[in-house]
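The block underneath contains the structure these notes are about, expressed in structure tokens.
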Ligand SMILES: Nc1nc2c(ncn2[C@@H]2O[C@H](COP(=O)(O)OP(=O)(O)OP(=O)(O)O)[C@@H](O)[C@H]2O)c(=O)[nH]1
Ligand SMILES: [Mg+2]
């Protein structure tokens, strides 16, 4: 594989996925895994939940990934603490995965569902995505939360639901571009996989370096 | 794309500074300028000031710092520079305003330092964002902006 050379000397890319509760973070990971693996990039995942291991169990059962490559961190309290103020538990989980599976090229860390203010510490991840969805309302990008402004890649998910909930996709795109300047954004439907290739292309360019 | 996977040393290292000096005469030292926050990343794609497309991939125990050398050979060097930081100086009108402002800045996770009774807020992103949030304080005189350099 082309990128073997790079991974051998350094460590896997660490990519965070944050965003409000239910916006489709786990659904996105379920679509990213096969697309990345098809390109020869092995995946491991760390999930964060408040007091359960729901998302980790869901991924382990999915058949998409070796269950040993999925770790759960129970954050206990505010989910943003575990990805920003004190990311120790997540760093530990990622370190463990990197040590146990040296062929892994990317470790995806899903934050517990939070609000628009959540951001990842760059101590923990090299790059992070923020996932919002059309069903949350088309005024979300305009509300300028730090997640929307500062994430490396903004994902607007559930585009299939926009007409059903009366959300104006074009307006969301325009508002997001306005607050984000030239930083990238992708529209997705994680139920069908629409937009996933664009995300993988962006990751390949920015952190996997295989393109 | 040029892949950079190691910190070779620092511009001040004895065995490096002379070579950098020579290369600078032929204009062969390229700089990558990063904001402080971005130096925490271990993997990133950036363009140097001479247009080289660089893919940085360090091990987790290495850290990008001002003056670290990422590439050095007889023909060229690539050096990292940290962008100058910008601070917004804000002076609260009295101690009541100071307490309130301190809580406010902490709640927004702003990075701050203090110079006597002046709060300095690190500007990470568009300054309008900071001024916008401080507007109520500026409007009713609980605080005023002294400078933004
Ligand atoms: N129609 C539609 N449904 C989606 C899409 N993406 C996710 N969903 C559904 O939305 C619900 C929430 O998705 P999750 O992936 O669990 O969301 P999450 O962000 O991981 O949620 P938390 O981890 O609990 O914060 C699930 O029922 C998904 O099937 C999409 O693009 N379109
Ligand atoms: Mg989830």
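Chains as they are written, first to last, in our numbering: chain A, 14 to 224; chain B, -7 to 141. Note that CB positions come from ideal geometry on N, CA and C, so glycine has one too. Keep in mind that this is a model prediction, so the values were computed, not measured.
Residue i and residue j closer than 7 Å at C-beta
| i | j | result |
| --- | --- | --- |
| residue 134(A) | residue 52(B) | no |
| residue 142(A) | residue 117(A) | no |
| residue 108(A) | residue 27(A) | no |
| residue 21(B) | residue 69(B) | yes |
| residue 201(A) | residue 174(A) | no |
| residue 81(B) | residue 112(B) | yes |
| residue 25(B) | residue 75(B) | yes |
| residue 92(A) | residue 137(A) | no |
| residue 63(A) | residue 39(A) | no |
| residue 120(A) | residue 57(A) | yes |
| residue 61(A) | residue 158(A) | no |
| residue 37(A) | residue 214(A) | no |
| residue -6(B) | residue 60(B) | no |
| residue 93(B) | residue 49(B) | no |
| residue 85(B) | residue 133(B) | yes |
| residue 66(A) | residue 206(A) | no |
| residue 56(B) | residue -4(B) | no |
| residue 84(A) | residue 106(A) | yes |
| residue 54(B) | residue -1(B) | yes |
| residue 192(A) | residue 162(A) | yes |
| residue 111(A) | residue 102(A) | no |
| residue 131(A) | residue 160(A) | yes |
| residue 119(B) | residue 83(B) | no |
| residue 73(B) | residue 23(B) | yes |
is_contact[residue i, chain B] using C-beta, thresh 7 Å
| i | result |
| --- | --- |
| residue 222(A) | yes |
| residue 16(A) | Since pLDDT at residue 16(A) reaches only 43, below the 50 mark, its modelled position is unreliable, and no value is offered. |
| residue 219(A) | yes |
| residue 24(A) | yes |
| residue 71(A) | no |
| residue 210(A) | no |
| residue 19(A) | With a pLDDT of only 47 at residue 19(A), under 50, the local geometry of the prediction cannot be trusted, and no value is derived from it. |
Closest residue to residue i among the options (Cα-Cα distance)
| i | options | result |
| --- | --- | --- |
| residue 41(B) | 108(B), 58(B), 71(B), 1(B) | 71(B) |
| residue 4(A) | 204(A), 129(A), 187(A), 90(A) | Since the first residue shown for chain A is 14 and the last is 224, residue 4(A) is missing from the structure and cannot be characterised. |
| residue 194(A) | 217(A), 154(A), 177(A), 171(A) | 154(A) |
| residue 115(B) | 101(B), 2(B), 19(B), 107(B) | 101(B) |
| residue 208(A) | 33(A), 34(A), 29(A), 42(A) | 42(A) |
| residue 180(A) | 54(A), 151(A), 210(A), 114(A) | 151(A) |
| residue 115(A) | 216(A), 103(A), 82(A), 122(A) | 82(A) |
| residue 127(A) | 218(A), 72(A), 97(A), 102(A) | 97(A) |
| residue 189(A) | 156(A), 106(A), 204(A), 52(A) | 156(A) |
| residue 220(A) | 166(A), 192(A), 178(A) | 166(A) |
| residue 127(B) | 107(B), 97(B), 106(B) | 97(B) |
| residue 104(A) | 199(A), 182(A), 29(A) | 29(A) |
| residue 187(A) | 177(A), 199(A), 178(A) | 199(A) |
| residue 86(A) | 75(A), 122(A), 52(A) | 122(A) |
| residue 223(A) | 35(A), 182(A), 52(A) | 52(A) |
| residue 2(B) | 35(B), 64(B), 118(B) | 64(B) |
| residue 76(A) | 55(A), 90(A), 132(A), 47(A) | 47(A) |
| residue 66(B) | 44(B), 18(B), 91(B) | 18(B) |
| residue 35(A) | 204(A), 78(A), 145(A) | 145(A) |
| residue 131(B) | 14(B), 89(B), 15(B), 5(B) | 89(B) |
| residue 108(B) | 87(B), 31(B), 117(B), 95(B) | 87(B) |
| residue 141(B) | 105(B), 79(B), 122(B) | 79(B) |
| residue 29(B) | 13(B), 121(B), 58(B) | 58(B) |
| residue 49(A) | 78(A), 73(A), 74(A) | 78(A) |
Minimum Cβ-Cβ distance from residue i to chain D less than 7 Å
| i | result |
| --- | --- |
| residue 42(B) | Judged by its chain identifiers, the structure shown contains no chain D, and its protein chains are A and B. |
Residue i CB to nearest heavy atom of ligand 3 below 6 Å
| i | result |
| --- | --- |
| residue 39(A) | With respect to small molecules bound, the structure shown includes ligand 1 and ligand 2 and not ligand 3. |
Chain A within 7 Å of residue i, Cβ atoms only
| i | result |
| --- | --- |
| residue 49(B) | yes |
| residue -3(B) | yes |
| residue 52(B) | yes |
| residue 1(B) | no |
| residue 80(B) | no |
| residue -6(B) | no |
Runs of 4 residues minimum, wholly inside the stretch 62 to 141 of chain A: which ones carry the alpha helix (DSSP H) assignment? 67 to 74, 101 to 113
In chain order, what are the residue ranges of uninterrupted beta strand (DSSP E) at least 3 long that sit wholly in the stretch 19 to 69 of chain B? Whole beta strand (DSSP E) segments, 3+ residues: 21 to 26, 35 to 39, 45 to 49, 60 to 64.
Quick one: which residues of the stretch 117 to 139 of chain A get their C-beta closer than 7 Å to a C-beta of chain B? List them in chain order. 135, 136, 139
Jot down the residue ranges of each uninterrupted beta strand (DSSP E) in the stretch 37 to 66 of chain A, minimum 3 residues, whole runs only, in chain order. 55 to 62
Using a Cβ-Cβ cutoff of 7 Å, what residues of the stretch 73 to 107 of chain A are near chain B? List them in chain order. none
Please name the residues in the stretch 7 to 40 of chain B whose beta-carbon is closer than 8 Å to at least one beta-carbon of chain A, in chain order. Result list: 29, 30, 32, 33, 34, 35, 36, 37.
Chain-ordered residues of the stretch 117 to 141 of chain B with a beta carbon less than 7 Å from chain A: 117
Contacting positions in the stretch 148 to 178 of chain A - beta carbon closer than 9 Å to chain B: Under the 9 Å Cβ criterion, the stretch 148 to 178 of chain A contributes 157, 159, 162, 163.
Would you mind listing the beta strand (DSSP E) stretches within the stretch 70 to 119 of chain B that are 3+ residues and don't spill past its ends, in chain order? 79 to 84, 104 to 107, 110 to 114, all fully within the stretch 70 to 119 of chain B.
In the stretch 138 to 170 of chain A, which residue ranges form an unbroken beta strand (DSSP E) of at least 3 residues, counting only runs that do not cross its ends? 140 to 146, 166 to 170
For the stretch -4 to 22 of chain B, list the alpha helix (DSSP H) runs that are entirely contained and at least 4 residues long, ordered along the chain. Within the stretch -4 to 22 of chain B, the complete alpha helix (DSSP H) segments of 4 residues or longer fall at 6 to 17, listed in chain order.
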